[in-house]
Structures are given as C-alpha cells and as structure tokens.
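Take a look at the structure set out below.
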Amino acid sequence: MNRLLALLCLSALSLPSFAAIVAQDNASDAVYNDGWQTGDNGGFGFNAWNLTASTANASNAGRFIGSSLGNAGGDGPQNIDTSGEAWGLYANGGNSSTAIRTFSVPVEVGNVYSFNLDNGFIDNGASITAGFYTAGNISVGAVDFIGGNPNYFIKDGATNVNSGVGFTGKGLTYTMTVTSATTYAATLTRLDGGGTFTHNGTFSGVIDKFQVFNTNAGGGGDRNLYVNSLAIDAVPEPATMLVLGLGAALAARRRK
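Going by the working numbering, the first residue of the sequence shown is number 10, and it counts up by one from there.
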C-alpha cells in the first residue's frame, strides 16, 4: 500500500488537468423558444438575464433570438449558432441595448470563461462590447470594436489594448483565464483563421458578470450583434487529482 501511495504522489506531478464545465448556456436552450427576455435563465451556473434598452421604442433598440448568419451581409459560412440560433441585440438612432448575466458559481483561479461573438457592420463612432466584469463594473479583458477603426480592442480596465485582429463579420471565439487572484489572460480568435491575439492583464475585485453592449451600431439586420455559447470551465489542481486517486486506491484496498 505504501508503495502504491508513493507511486500516486509521483504520478500526480505529471497528471493532465481535465476541465469540468461548471456553467454553460446557449441560445438553443428551450427557455428561449419564445424569445429572449429579462428573467430567462437557461443552462446552469448563471443567474437570470437582465436585458435593458435605452429607449422603449422597439424599433430603435432591443434583443431577439436568431441566426448570426443574418448580419454583415450574410458573411459566412462561419457562424456562432447552436441549432441555428444565437442571442441577438440591435440598436440604432443613438440608442443602446444591453445584456447582463451574473454568475451563480464562485470565481476560482484557473477557471476559463468563454463565449462566441459575431458582430455585424458598425457605424462610424458606434461600438459593440462583450466580456467579463467585476462587481465594481470594471472590464476584465472585454472585447470592444468602435466603428471606423480597423481592429478589435481588449478593454483592460480603463486601458484599451489594440489586438491587431482586424474586423470580421464571420464571428470570433473569446476565452479569459483567471491566472491568479489579480491576473488574467484573454484570447480573441477569428473563426475564419484571420488572426488571434492574447493579452495578459491585471484586475482587482471579484469578477461576477458577463455583459454585452450594442451601442448604436446602426439600423438593419446587417448591424445586429450576436453572442452565444457562454461557459465557465474549472480545471482541477493536480493536488485535487491526487486526492481523488488516493480515495480510489483506499476504496480498492478495503474491497480486498
């Protein structure tokens, strides 16, 4: 038995880490069959959506469920749909549409936060933003694009970092890994293979929410903003894997 324990301890040093999904949702969940409203709470690991618009005029700002292939002139074949659906936000006439979702699971070092993004065309001076924020509403590496600029930016608190990743209407994937109690690594990747960028940043406070903003991107379906496949993955520490291995070994010994 002692030899077995020693072998388990040594092997723990080389064990791979296996991610466990602790929160997940996408637009094909049955909760969204009647559209996307405040209070909807599909998937697991998140609290209900809080959806707002700067105007009560539904022609100028709002949200819906639809295919991300419908924006940017139908630019494809890449898209972020699940079963043909994604969460959509539109805004025009100087208005904005916002979606906020807090976490119901704790933030841990090593957690990987992810979502997919598909912006349409964006009028000059307008913007779209999507990403993770602290309880004090400070951006932790959120993605930002301002119409008229060539590239996406990463919002590291009050600092905007040029990603060098150029505009696309084909969609992007985004991940943000919490690397310590005060640091993170954010990676933005175009689905068409047209570029990727990783930014290592710092934050203070507690990361507690996902937020999306369509700030006057413009009228018509070509300028709709879509997001989808929101998830949090937790990667166990090697010590956790060792404990699991020891438990299995002890259980096996008792059965003998």
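Beta carbons are placed, not taken as given, at the ideal position from N, Cα and C, and that holds for glycine.
- The residue among I30, D132, Y122, T177 with its C-alpha nearest the C-alpha of G202 is T177.
- Fewer than three beta-carbon pairs drawn from the stretch 197 to 214 and the stretch 70 to 83 are found closer than 8 angstroms, and the two stretches are therefore not classed as touching.
- Beta-carbon to beta-carbon, N104 and A62 are separated by about 7 angstroms, close enough to satisfy the 8 angstroms threshold.
- Secondary structure of L200 (DSSP, three-state): coil.
- Going by beta carbons, F130 and V236 fall outside the 7 angstroms limit.
- Restricting attention to N35, I163, G157, the CA atom closest to the CA of I89 is found in N35.
- With a threshold of 16 other beta carbon atoms within 10 Å, A95 meets it and is buried.
- Beta-bridge annotation (DSSP): R72 is paired with L98.
- In the DSSP assignment, K218 falls within the beta strand (DSSP E) that extends over 216 to 224.
- The three-state reading of DSSP puts A81 in helix, counting H, G and I together.
- As a beta-bridge residue in DSSP terms, R110 pairs with F219.
- Excluding five sequence positions before and after V187, the CB atoms of its chain that fall closer than 6 angstroms to its own CB belong to V118, N120, Y193, given in chain order.
- Contact check between the stretch 211 to 225 and the stretch 76 to 93: fewer than three CB pairs, one atom from each, fall below 8 angstroms, which does not count as touching.
- N225 is classed as buried because its beta carbon has at least 16 other beta carbons within 10 Å across all chains shown.
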